[in-house]
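Every number in our numbering is 48 more than the matching position in the sequence shown, counting from 1. Cβ coordinates follow ideal geometry from the N, Cα and C atoms, glycine included. Please read all numbers here as calculations on a predicted model, not as lab measurements.
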Amino acid sequence: MENWQGPVMVYPYAGRKGGVSGKWYDHSENNEESIEEYIDAAKIWVDKGVQIVGACCGFGADYIKPLRQIIPAKV
49 MENWQGPVMV YPYAGRKGGV SGKWYDHSEN NEESIEEYID AAKIWVDKGV QIVGACCGFG
109 ADYIKPLRQI IPAKV
């Protein structure tokens with residue numbers, strides 16, 4: 049990011065095979081990454097300068113909601 053001056057976004061993909069087909073994903077299935085692992089990774093991304101953090105629908109709201117508690121409001 050040392051040569052890029054614009055905003056940087058991280059949007060991890062859960063790796064669901066059905067995602068390409070456009071089928072709705074069942075959020076009751078577990079992801080390979082735990083919520084805690086996702087949050088820990090998000091902290092690192094923000095510390096490295098990422099301004100937008102999200103995730104594909106395979107992660108679900110349980111992964112996204114905690115971001116508000118740990119990521120600064122300016123991000």
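query                                                                                                                                               : result
At what residues does the alpha helix (DSSP H) containing K91 begin and finish?                                                                     : I83 to D95
For Q117, report the span of its alpha helix (DSSP H) as first-last.                                                                                : L115 to I118
Taking 8 Å as the threshold (C-beta atoms), are E80 and G63 in contact?                                                                             : yes
Using CA atoms only, rank isn't needed, just tell me which of S82, E50, G54 and P55 is closest to I112.                                             : S82
From I92 to N78, what distance separates their C-alpha atoms?                                                                                       : 23 Å
So, at 6 Å on beta carbons, what are the nonlocal neighbours of Q124 in its own chain, with the 5 sequence-adjacent residues on each side left out? : Because the chain in this structure spans residues 49 to 123, residue 124 falls outside the shown range and cannot be described.
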